[in-house]
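One structure is given here, and the rest of the page talks about it.
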Amino acid sequence: MIHLELTHPDGQRQQMQVPGICSIGKGTQCELRLAGWRIAKEHARLLKSPAGVLLDAGDSFTGVQVNGRRIETQCGPLQASDIIGIGPFRLRVLDPQAPPGDEYAPAPAVRDSAEPVAPRPGTGPNTPWPTPWPGAAPTIPRPGAPAMAPPQGAATAAMPAPATPARAATDAAPSPASERLAARADAPMRALEFEWRKRLHAKLIEAMDLRRHDVSRMSDEHLRAEADRLIVKIMQDMAADIPAALEHGALRKQILDEAVGLGPLEELLADDSVTEVMVNRFDEIYIERAGRLQKHALSFTSDQAVMGVIERIVAPLGRRIDESSPMVDARLKDGSRVNAIIAPLALKGSTLTIRKFAKRKLDAGDLVQFGSLSPAMADFLRICVQARKNIIVCGGTGSGKTTLLNILSNFIPPGERVITVEDAAELRLNHEHLISLESRPANVEGKGGVAIRELVRNTLRMRPDRIVVGECRGAEALDMLQAMNTGHEGSLTTLHANSPRDGLARLETMVLMAGMELPLAAIREQIASAVDILVQQTRFSCGTRMVTHITEISGMESGKIQLQDLFGFVNRGYAMQADGLSKVQGHFSGCDTVPHFYDELRASGAKLDLDIFRPAPAPDSSSGGGNAAGQRP
19 MIHLELTHPD
29 GQRQQMQVPG
39 ICSIGKGTQC
49 ELRLAGWRIA
59 KEHARLLKSP
69 AGVLLDAGDS
79 FTGVQVNGRR
89 IETQCGPLQA
99 SDIIGIGPFR
109 LRVLDPQAPP
119 GDEYAPAPAV
129 RDSAEPVAPR
139 PGTGPNTPWP
149 TPWPGAAPTI
159 PRPGAPAMAP
169 PQGAATAAMP
179 APATPARAAT
189 DAAPSPASER
199 LAARADAPMR
209 ALEFEWRKRL
219 HAKLIEAMDL
229 RRHDVSRMSD
239 EHLRAEADRL
249 IVKIMQDMAA
259 DIPAALEHGA
269 LRKQILDEAV
279 GLGPLEELLA
289 DDSVTEVMVN
299 RFDEIYIERA
309 GRLQKHALSF
319 TSDQAVMGVI
329 ERIVAPLGRR
339 IDESSPMVDA
349 RLKDGSRVNA
359 IIAPLALKGS
369 TLTIRKFAKR
379 KLDAGDLVQF
389 GSLSPAMADF
399 LRICVQARKN
409 IIVCGGTGSG
419 KTTLLNILSN
429 FIPPGERVIT
439 VEDAAELRLN
449 HEHLISLESR
459 PANVEGKGGV
469 AIRELVRNTL
479 RMRPDRIVVG
489 ECRGAEALDM
499 LQAMNTGHEG
509 SLTTLHANSP
519 RDGLARLETM
529 VLMAGMELPL
539 AAIREQIASA
549 VDILVQQTRF
559 SCGTRMVTHI
569 TEISGMESGK
579 IQLQDLFGFV
589 NRGYAMQADG
599 LSKVQGHFSG
609 CDTVPHFYDE
619 LRASGAKLDL
629 DIFRPAPAPD
639 SSSGGGNAAG
649 QRP
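Residue numbers for the sequence shown, in my numbering: 19 to 651.
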């Protein structure tokens, strides 16, 4: 805990306890809420570390002052005589050298006379202010606040609440709240570790600059070995200053990863349970695990460190990122998708998003096991691919379109010539006769760029049996449709859409982007004759990913494309799970419709059971039936 003295604009003083990591501002998520027009949503942050209390100034407009001097980044350790100025309020740390504790008691919302703020849940007019720490001076109550009952004794402990079945169940299994408390207890050590990582990383850069190392000509192995040698020497020279509480081996690895690797992202990329990594700014990293977002404890030491990681990712691919070209799409060596955007477009700092793919190549059986589709749906899609039906996978961002396209592509019989076209090569096909093409951005002079549309045109001259386009985003949709209509059956692609009908509308729009001024009726005729199956992939709010529709294009009628659902997901709403999280519940079912090309499939020798198209009965709700896994592996 941190023991604070807060001086209000009217001169009244108040003593309180706040957590060891405490955000200060007028936002509802802040542990210490201050109201006023000069206060930002998250104005500053206090961190309790073994070295003392550190102050993070944040990026507010009015700033933070310590003893009348504005602080730009971080200040500390604070002394008991230091006065922190946040808008009209003044703060003072009463006991900055107290050992960090692991308890947590939220501070109250502090009202400003100019701007009253609505009370937080649990802080109404009958809720007392936090109990002062033992030995503190009496707390001066705010106007209108009730007087606190005097403590029964300095050493009196809080009486435990009666044990109830609900509470017993909560105590038996760790809750998200207990995990947050554990993270808070570890926060001071991480703050100290971050401070020394930053200091030693700066020493390493200085040492490499003094030695005039030309890192551009050094191999990865040589650069890593040289950097490791310098880190060891720097840590030996500063051994007396580095706190003994820090694990030197882990500190050395973190500095080395940030200097010549991917920094804190190294361990996240090695963690199979992490499916996506999002760097909002250098000190703010989020990850996706089991379909849900959570904040990661580690961070980069500076924005320059994030820029270094981005450069190390995009440079080997022949791509660039700078002020003239502040956005880039790239990939890692394992095929993971990378997007980066930097200042001046990214206002908070360099932003990096990495979408990982499973190290093991997935198949349809894995999707069935995850609950993303039923065995009947997987079997039907396999027959459609083998029968050379043109398939478009629709879905939103992060819904699993590329994963499903990978699996569908692996249904292609061996011996056929497959050509893939992508913006950034991500598809990994288990196919012997495979050619992968990747678009190229323009150079500094704006020349030399090769768009996906040109690559799709070129594939028609390469004798393809199958054309797989990673994603249709623009005018290449017209060339893809023409390929499907000119003897290149069995082509596959993806596009962003919320439903099969929306997918067709977006496909029409992308064809119009080609600038050919085709009439809408002609475009719809092209789509109806080219596309056979639409597969809708959906990501629900709980993180569940599954195939919600398999739809056939059955033809044209009155100038409108006709659709009929073959399979669907029957959504029965959300239900609370044993872990306290809600997940979508439902079951897969046929739609009592047989595809128009069934006779063609039967003539090709495919054994298709008509019973799979019959509506499936709803599972017994009492047994917890439903397909709610569906998370990206």
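Note that beta-carbon positions come from the ideal geometry of N, C-alpha and C, so glycine has one too.
*Nearest-angstrom Cβ-Cβ length linking Arg51 and Pro106, presumed shorter than 8 Å*: Position 33 of the sequence shown, counted from the start, is the residue given in the question as residue 51. Position 88 of the sequence shown, counted from the start, is the residue given in the question as residue 106. With a beta-carbon spacing of about 14 Å, Arg51 and Pro106 fall beyond the 8 Å limit used to define contacts.
*Are at least three pairs of beta-carbons, each pair with one atom in the region 356 to 370 and one in the region 320 to 339, less than 8 Å apart?*
Judged by Cβ distances under 8 Å, the region 356 to 370 makes contact with the region 320 to 339, as three or more pairs qualify.
*Could you tell me which residues DSSP pairs with Gly416 in its beta bridges?*
Here residue 416 corresponds to residue number 398 of the sequence shown, with the count starting at 1. According to DSSP, Gly416 bridges with nothing at all.
_Pick from Arg299, Lys351 and Lys407 that is closest to Ala358, judged by C-alpha positions_ = Position 340 of the sequence shown, counted from the start, is the residue given in the question as residue 358. Answer by Cα proximity: Arg299.
*Pro27 versus Phe318: straight-line alpha-carbon distance, rounded*: Taking the first residue of the sequence shown as position 1, residue 27 is located at position 9. Taking the first residue of the sequence shown as position 1, residue 318 is located at position 300. Taking the straight line joining both Cα atoms gives about 37 Å.
_Distance check for Thr477 and Val486, CA to CA, integer angstroms please._
Here residue 486 refers to the residue found at position 468 when the sequence shown is read from its first residue. Here residue 477 refers to the residue found at position 459 when the sequence shown is read from its first residue. So the alpha carbons of these two residues sit roughly 10 Å apart.
*asked:* Taking the beta strand (DSSP E) that Lys66 belongs to, which residues open and close that run?
replied: Against the sequence shown, residue 66 aligns to sequence position 48. First-last of the beta strand (DSSP E) with Lys66: Ala62 to Ser67.
_Spatial neighbours of Arg519 in its chain, beta-carbon cut-off 8 Å, leaving aside the 5 residues before and after_ = If you number the sequence shown from 1, residue 519 lands on position 501. Result list for Arg519: Leu581, in chain order.
*Please name the residue, chosen from Ile339, Glu23, Ile409 and Ala621, that lies closest to Asp113 on a Cα-to-Cα basis.*
Within the sequence shown, residue 113 is the residue found at index 95, counting from 1. Comparing alpha carbon positions, the residue from Ile339, Glu23, Ile409 and Ala621 closest to Asp113 is Glu23.
*Should Met345 be labelled buried (16 or more other beta-carbon atoms within 10 Å of its own) or exposed?*
Along the sequence shown, read from residue 1 onward, the residue named residue 345 stands at position 327. Exposed, by the Cβ-count rule.
*Burial state of Ala523, where buried means 16 or more other Cβ atoms lie within 10 Å*: Your numbering for residue 523 matches position 505 in the sequence shown. Label assigned to Ala523: exposed.
_Local conformation of Ser78 per DSSP, three classes_ = Within the sequence shown, residue 78 is the residue found at index 60, counting from 1. If DSSP states are grouped into helix, strand and coil, Ser78 belongs with coil.
*Classify Ile453 as buried or exposed, calling it buried when 16 or more other Cβ atoms lie within 10 Å of its own Cβ.*
Counting from 1 along the sequence shown, the entry for residue 453 is found at position 435. Only exposed fits Ile453, as fewer than 16 other CB atoms lie within 10 angstroms of its CB.
*Can you grab the Cα-Cα spacing for the pair Asp347 / Thr512, in whole Å?*
Here residue 347 refers to the residue found at position 329 of the sequence shown. Here residue 512 refers to the residue found at position 494 of the sequence shown. Using only the alpha carbons, I get a separation of about 17 Å.
*asked:* Considering just the uninterrupted stretch of the beta strand (DSSP E) at Gln35, what are its terminal residues?
replied: The residue you call residue 35 lines up with position 17 of the sequence shown. Counting along the chain, the beta strand (DSSP E) containing Gln35 begins and ends at Arg31 to Val36.
*Near Arg310, what residues of its chain come up, given a Cβ to Cβ distance below 7 Å and the 5 sequence neighbours on each side ignored?*
Start at 1 with the first residue of the sequence shown, and residue 310 comes out as number 292. For Arg310, same chain residues with a beta-carbon under 7 Å away, outside a window of 5 residues either side, are Gly561 in chain order.
*Glu306 - containing beta strand (DSSP E), residue span*: In the sequence shown, counting from the first residue as 1, residue 306 sits at position 288. Per DSSP, Glu306 belongs to the beta strand (DSSP E) from Glu302 to Arg307.
*Whole-angstrom distance between Gly45 and Tyr304, CA atom to CA atom*: Locating residue 304 in the sequence shown gives position 286, where the first residue counts as 1. Locating residue 45 in the sequence shown gives position 27, where the first residue counts as 1. About 20 Å.
*Assess, as a yes-or-no matter, whether the region 392 to 410 is touched by the region 443 to 458 under the definition of 3 or more beta carbon pairs within less than 8 Å.*
These segments do not touch.
*asked:* So for Ser607, helix, strand or coil by DSSP?
replied: Residue mapping note: residue 607 aligns to position 589 of the sequence shown, counting from 1. In the three-state reduction of the DSSP assignment, Ser607 falls in the strand class, which pools E and B.
*Looking at the unbroken alpha helix (DSSP H) that takes in Asp321, where does it start and where does it end?*
Working through the sequence shown from its first residue, we reach residue 321 at position 303. Element bounds for Asp321: Asp321 to Val332.
_At least 3 beta-carbon pairs within less than 8 Å: the region 402 to 422 vs the region 590 to 602_ = By the Cβ criterion, the region 402 to 422 is not in contact with the region 590 to 602, since fewer than three pairs of Cβ atoms, one from each stretch, lie closer than 8 Å.
*Among Leu241, Glu244, His219 and Phe558, which has the Cα closest to the Cα of Gly418?*
In the sequence shown, the residue the question calls residue 418 occupies position 400. With distances taken between Cα atoms, Gly418 lies closest to Phe558.
*Cα-Cα separation between Ile158 and Asp100, rounded to whole angstroms*: Here residue 158 refers to the residue found at position 140 when the sequence shown is read from its first residue. Here residue 100 refers to the residue found at position 82 when the sequence shown is read from its first residue. Here Ile158 scores only 33 on pLDDT, less than 50, and its place in the model is too uncertain to base an answer on.
*Pull up the DSSP beta-bridge partners for Cys40, would you.*
The residue you call residue 40 lines up with position 22 of the sequence shown. In DSSP, Cys40 forms a bridge with Leu64.
*State the Cα-Cα distance for the pair Arg563 and Ser390, rounded to the nearest angstrom.*
In the sequence shown, the residue the question calls residue 563 occupies position 545. In the sequence shown, the residue the question calls residue 390 occupies position 372. Rounded to whole angstroms, Arg563 and Ser390 show a C-alpha spacing of 6 Å.
*Taking the continuous alpha helix (DSSP H) assigned at Asn476, which residues delimit it?*
Along the sequence shown, read from residue 1 onward, the residue named residue 476 stands at position 458. Element bounds for Asn476: Ile470 to Thr477.
_At the level of alpha carbons, what is the spacing between Val553 and Asp275?_
Numbered from its first residue, the sequence shown carries residue 553 at position 535. Numbered from its first residue, the sequence shown carries residue 275 at position 257. So the two alpha carbons sit approximately 41 Å from each other.
*Tell me whether Phe429 sits in a helix, a strand or coil according to DSSP, three-state version.*
For this step, residue 429 is matched to residue 411 along the sequence shown. In the structure shown, Phe429 adopts coil according to DSSP, grouped into three states.
*Does DSSP put Asn424 in a helix, in a strand, or in coil?*
As a working note, residue 424 is residue 406 in the sequence shown. Three-state DSSP puts Asn424 in a helix.
*Taking the alpha helix (DSSP H) that Gln544 falls in, what are its first and last residues?*
Numbered from its first residue, the sequence shown carries residue 544 at position 526. First-last of the alpha helix (DSSP H) with Gln544: Leu538 to Ala548.
*Enumerate in chain order the residues of its own chain whose CB-to-CB distance from Gly658 is below 7 Å, with the five nearest sequence positions on each side excluded.*
The requested residue 658 is not part of the displayed model; the chain covers only 19 to 651.
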